[in-house]
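Here's the structure we're looking at; comments come further down.
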Amino acid sequence: MELAVFAGRPFFPVPQPVGGPIIEPELGREFHRLADAAFARNRLTNSGPLAARLEEEVAARHRCGEAVLVANATLAQMLLLRALGLTSGEALISANTFVATAQACEWLGLKPVFCDIDPETLNLSPGDCERKSGPETRAVIPTHVFGVMADLPALAELAGRRGFRLLADAAHAFDCDRGGIPPGGFGIPEFISFHATKFFSTVEGGAILTGDSALARELRELRNFGFDRPGDAGRLGLNAKLSELAAAFGLASLPLLERRARRLGETAEIYRRELAGIPGLEPHRLDRLGRNNHRYFPLFVDEAAFGLSRDFLRLALERENVLPRTYFHPGCHRMGLYRDRPGVPDLPVAERLLGRLLALPTSFAEVEARAAAKAVTDLIRTMHDRAGEVKRALAAA
Ligand SMILES: Cc1ncc(COP(=O)(O)O)c(C=O)c1O
3 MELAVFAGRP
13 FFPVPQPVGG
23 PIIEPELGRE
33 FHRLADAAFA
43 RNRLTNSGPL
53 AARLEEEVAA
63 RHRCGEAVLV
73 ANATLAQMLL
83 LRALGLTSGE
93 ALISANTFVA
103 TAQACEWLGL
113 KPVFCDIDPE
123 TLNLSPGDCE
133 RKSGPETRAV
143 IPTHVFGVMA
153 DLPALAELAG
163 RRGFRLLADA
173 AHAFDCDRGG
183 IPPGGFGIPE
193 FISFHATKFF
203 STVEGGAILT
213 GDSALARELR
223 ELRNFGFDRP
233 GDAGRLGLNA
243 KLSELAAAFG
253 LASLPLLERR
263 ARRLGETAEI
273 YRRELAGIPG
283 LEPHRLDRLG
293 RNNHRYFPLF
303 VDEAAFGLSR
313 DFLRLALERE
323 NVLPRTYFHP
333 GCHRMGLYRD
343 RPGVPDLPVA
353 ERLLGRLLAL
363 PTSFAEVEAR
373 AAAKAVTDLI
383 RTMHDRAGEV
393 KRALAAA
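Remember, our numbering sits 2 above the position in the sequence shown when you count from 1.
Spelled out as structure tokens, the structure:
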């Protein structure tokens, strides 16, 4: 096949973004059935029966006692920080996370302190957390990046010894585990995202997972304007409720998740097998510590061996309507919001690795997934074989 960088015509007729929503035909049918039932009941929000059922299902799936559903994971984190009294001082977080983890801290008055990452898992490094902790540290908030769960036992030891709280950003980690223990199962509160890009989605949505029923009760009040008795707001809350239509979308996808996981696993396997012979590409290992949902397929690009830099590979793929993501480069600490603040931290591992990382799409629009994944790897092989010409064409554009 002729590459679009030379021929001008993309291989895929429609864009294939990382994180395009996963919508099986059965999902649409069941969603409409549940939505019609909600219309017939005349009940669209305010902790209706669909949201209540989804809370039970999500808690059971993560074996954690309680799942408090909310409108998105950013609000989940804010409510959790508020409920835990984390409203001043500093929070240790990973530079390798979505900026929401840092922003939710700031809304609550907690200053994010960015720490370096472990080169194997790409998660918050307990050693660097220890180095960057100080008298103002109140919390450590690791992110389970790409569903690889952070080293919660080591961070729990550190937090216990130094007297700060541990909670976790499990936005990517639905149905993932570490040594058989899922998010919410480690005895610390975790929050998870059900955004449309995620393995499990309610379009927008999220939850706090906890085994602490008093905390769950408080969070349910906080997400509903702080109402602790009918008509009486006893504390400062906000509106973070999940609607019945969002819950219907989530409930409709639950029976499809095993098949979805199998299909994503197959796509990952095709990527791994087909990319194995191409020099300079190394997939990030997602399942070395436990189960992964394979929603993401991140790989590292070694420019010298592959022939193109990560960014040139991304540009060449974009010409083919394959839209990879450079998660989470340049790192939160280098975003406009943070980079000009005094004392931008020195994070050598994150700086070295995140600039080489590219995530490929794992779900595809209007094409069969296995054929699409194979086609993406064929394109990448041709780009490697013709790297010099590709580089010249992109540089001239
Ligand atoms: C690691 C991480 N944390 C937090 C969030 C925020 O989630 P939400 O979009 O549900 O607010 C995301 C977003 O997608 C994320 O990837």
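Yeah, the Cβ is synthetic: ideal placement off N, Cα and C, and Gly gets one too.
Beta strand (DSSP E) segment containing residue i, residue limits
i           : result
residue 201 : First-last for residue 201: undefined, no H or E at that position.
residue 322 : Careful: residue 322 lies outside any beta strand (DSSP E) and carries neither H nor E.
residue 187 : Element bounds for residue 187: n/a, residue is neither H nor E.
residue 93  : 92-96
residue 299 : 299-303
residue 38  : That residue, residue 38, is in no beta strand (DSSP E); its alpha helix (DSSP H) goes 27-43.
residue 72  : 68-72
residue 209 : 208-212
residue 229 : 229-231
When the options are compared against residue i, the one with the closest alpha-carbon
i           : options               : result
residue 325 : 4, 8, 21 and 10       : 21
residue 79  : 185, 105, 274 and 187 : 105
residue 357 : 367, 72 and 315       : 315
residue 31  : 345, 128, 252 and 280 : 252
residue 66  : 158, 191 and 101      : 191
residue 256 : 61, 40, 189 and 4     : 61
residue 2   : 351, 275, 318 and 320 : Limits of the chain in this structure are 3 at one end and 399 at the other, which puts residue 2 out of reach.
residue 103 : 215, 161, 353 and 174 : 174
residue 339 : 266, 59 and 101       : 101
residue 73  : 347, 390, 248 and 266 : 248
residue 310 : 328, 282, 68 and 327  : 282
residue 297 : 4, 245, 150 and 170   : 150
residue 347 : 35, 96, 37 and 153    : 96
residue 118 : 278, 84, 393 and 134  : 134
residue 123 : 110, 144, 136 and 7   : 144
residue 354 : 303, 82 and 265       : 303
residue 344 : 268, 116, 153 and 229 : 116
residue 81  : 305, 274, 292 and 228 : 228
residue 277 : 382, 213 and 180      : 382
residue 267 : 289, 318 and 142      : 289
residue 366 : 233, 189 and 25       : 25
residue 359 : 305, 5, 111 and 233   : 305
Buried/exposed call for residue i, threshold 16 Cβ in 10 Å
i           : result
residue 236 : exposed
residue 385 : buried
residue 222 : buried
residue 380 : exposed
residue 114 : buried
residue 215 : exposed
residue 98  : buried
residue 168 : buried
residue 238 : exposed
residue 186 : buried
residue 68  : buried
residue 271 : exposed
residue 75  : buried
residue 16  : exposed
Beta-carbon proximity of residue i to residue j, cut-off 7 Å
i           : j           : result
residue 12  : residue 322 : yes
residue 138 : residue 91  : yes
residue 308 : residue 364 : no
residue 29  : residue 53  : no
residue 197 : residue 172 : no
residue 166 : residue 202 : no
residue 243 : residue 225 : yes
residue 285 : residue 259 : no
residue 295 : residue 254 : no
residue 47  : residue 195 : no
residue 329 : residue 375 : no
residue 184 : residue 335 : no
Range of the contiguous alpha helix (DSSP H) that encloses residue i
i           : result
residue 376 : 371-387
residue 274 : 259-277
residue 243 : No alpha helix (DSSP H) contains residue 243, which DSSP labels as neither H nor E.
residue 147 : Residue 147 -> no alpha helix (DSSP H), and no H or E assigned at all.
residue 51  : 51-63
residue 131 : 128-134
residue 82  : 75-85
residue 103 : 101-109
residue 116 : Segment 113-117 is the beta strand (DSSP E) holding residue 116; no alpha helix (DSSP H) there.
residue 290 : Careful: residue 290 lies outside any alpha helix (DSSP H) and carries neither H nor E.
residue 362 : First-last for residue 362: 359-362, but that is the beta strand (DSSP E), not the alpha helix (DSSP H).
residue 341 : 338-341
residue 14  : Residue 14 -> no alpha helix (DSSP H), and no H or E assigned at all.
residue 1   : Outside the displayed range of the chain (3 to 399) lies residue 1, so it cannot be described from this structure.
residue 163 : 154-164
residue 350 : 350-356
residue 9   : 6-9
CB contact check: residue i to chain D, cutoff 7 Å
i           : result
residue 312 : Of the protein chains in the structure, only one exists, and it is not chain D.
Below 8 Å, how does it come out for the segment 128-144 and the segment 158-175: are there three or more Cβ pairs, yes or no? yes
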